[in-house]
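First the structure, in the form of structure tokens, and then the observations on it.
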Amino acid sequence: MHIFGVDIGGSGIKGAPVDLDLGDLADERYKVLTPHPATPDAVADGVKEVVDHFGWTGPVGITFPGVVTGGATIRTAANVDKGWIDVDARALLGDRLGGLPVTVVNDADAAGVAEVQFGAGRDRRGTVIMLTFGTGIGSAVFSDGVLVPNTELGHLELGGHDAETRASTKAKDDHELTWEHWAKRVTKYLAHVEMLFSPELFIIGGGVSRKSHKFLHLIEGIQAEIVPAQLQNNAGIVGAAMRAAKAG
Numbered sequence: 165m166h167i168f169g170v171d172i173g174g175s176g177i178k179g180a181p182v183d184l185d186l187g188d189l190a191d192e193r194y195k196v197l198t199p200h201p202a203t204p205d206a207v208a209d210g211v212k213e214v215v216d217h218f219g220w221t222g223p224v225g226i227t228f229p230g231v232v233t234g235g236a237t238i239r240t241a242a243n244v245d246k247g248w249i250d251v252d253a254r255a256l257l258g259d260r261l262g263g264l265p266v267t268v269v270n271d272a273d274a275a276g277v278a279e280v281q282f283g284a285g286r287d288r289r290g291t292v293i294m295l296t297f298g299t300g301i302g303s304a305v306f307s308d309g310v311l312v313p314n315t316e317l318g319h320l321e322l323g324g325h326d327a328e329t330r331a332s333t334k335a336k337d338d339h340e341l342t343w344e345h346w347a348k349r350v351t352k353y354l355a356h357v358e359m360l361f362s363p364e365l366f367i368i369g370g371g372v373s374r375k376s377h378k379f380l381h382l383i384e385g386i387q388a389e390i391v392p393a394q395l396q397n398n399a400g401i402v403g404a405a406m407r408a409a410k411a412g
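In the working numbering, the protein residues as written are 165 to 412.
And the structure:
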């Protein structure tokens with residue numbers, strides 16, 4: 165079965181039809197830049213462009229970089245315009261897509277669901293934490309394969325700062341950090357999360373996952389196993405489609 169998935173990020177909006185039997189994209193993904201400011205109307209236009217590119221007319225799953233309640237309402241907007249807060253994103257995006265059935269889910273939760281079903285978290289028991297490093301840091305926490313939604317662990321305080329302002333890949337780029345320096349920051353962040361949750365497994369996702377060979381070996385002193393996301397930066401698209409199929 166094919167369902168369309170869209171992943172809204174701080175830097176890009178990307179999407180594609182997803183083959184839910186394989187847990188992979190059914191076509192090459194299409195991406196547009198996230199508008200700045202990333203207002204609801206501007207982002208909705210970007211989502212429409214991505215979906216229209218494929219001529220899609222069925223259900224659409226859409227991720228959002230913030231807390232999403234009830235599969236619809238946006239509660240936080242750390243890396244997009246604050247105008248999103250309290251918006252019914254399901255209604256807004258569904259209307260912009262001409263009435264197509266829409267499901268909205270937190271971006272890291274979507275990526276985590278995909279990794280637990282099809283990727284690095286498959287058949288893993290205990291506590292598994294997916295962390296997506298990009299414009300911010302997203303998180304998805306699982307207990308025996310069951311998601312605890314909207315955890316937002318990227319906003320834990322670390323050294324007096326919001327963790328994602330220190331350890332996201334945006335922070336690495338903004339401060340021109342070497343991989344070694346950035347890995348030290350990530351290590352401190354992982355140690356803090358580990359102290360709080362004692363997971364058996366960390367899955368590192370987001371765009372940086374495809375460069376895991378440059379930094380994972382530099383992370384030391386963490387008891388949990390640490391692995392890169394197998395679906396890499398497509399995990400959010402796949403997870404969004406999975407949620408849309410479940411909602412349908």
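By construction, the Cβ of each residue, glycine as well, lies at the ideal position given by its N, Cα and C atoms. All of these numbers come straight from a predicted model, not from anything done at the bench.
- With a threshold of 16 other beta carbon atoms within 10 Å, K336 meets it and is buried.
- With 16 or more other Cβ atoms from the protein chains shown falling within 10 Å of its own Cβ, R407 counts as buried.
- Where K178 is concerned, the enclosing beta strand (DSSP E) starts and stops at 176-183.
- Taken through DSSP and simplified to helix, strand or coil, M359 comes out as helix.
- A distance below 6 Å between beta-carbons, with the five flanking residues on each side excluded, links K334 to the following residues of its chain, in chain order: T299.
- Around the beta carbon of D216, a 10 Å sphere encloses fewer than 16 other beta carbons of the protein chains shown; the residue is thus reported as exposed.
- DSSP places E279 in no beta strand (DSSP E) but in the uninterrupted alpha helix (DSSP H) bounded by 271-282.
- DSSP, reduced to helix, strand and coil, places M165 outside both helices and strands of the structure shown, so it counts as coil.
- With a cutoff of 8 Å on beta-carbon distance, G173 and T198 are scored as near each other.
- According to the DSSP assignment, L197 belongs to the beta strand (DSSP E) that extends over 194-197.
- Secondary structure note for A388: it is in no alpha helix (DSSP H), with a DSSP letter that is neither H nor E.
- Note that the C-beta distance between V207 and V170 is not below 8 Å.
- The DSSP-derived three-state label of V224 is strand.
- Boundaries of the alpha helix (DSSP H) around T333: 333-338.
- DSSP places H217 in the helix class (H, G or I) of the three-state scheme.
- Cα atoms of L186 and E316: separation of roughly 28 Å, rounded to the nearest angstrom.
- If you look at A304, you'll find it in the beta strand (DSSP E) that goes 301-307.
- A distance of 8 Å or more separates the beta carbons of P392 and L382.
- Distance between T351 and T221, taken at the CA atoms: about 44 Å.
- Between P265 and G371, the C-beta spacing is not below 8 Å.
- For the set S175, G176, T296, G235, the Cα lying nearest the Cα of G276 is the one of T296.
- Rounded to whole angstroms, the gap between the alpha carbons of A355 and G385 is 8 Å.
- In this chain, the alpha helix (DSSP H) harbouring L257 covers 253-260.
- Judged by beta-carbon spacing, R288 lies within the 8 Å limit of E364, meaning their Cβ atoms are closer than that value.
- In this chain, the alpha helix (DSSP H) harbouring I401 covers 399-411.
- A399 counts as buried, since no fewer than 16 other beta carbons sit within 10 angstroms of its beta carbon.
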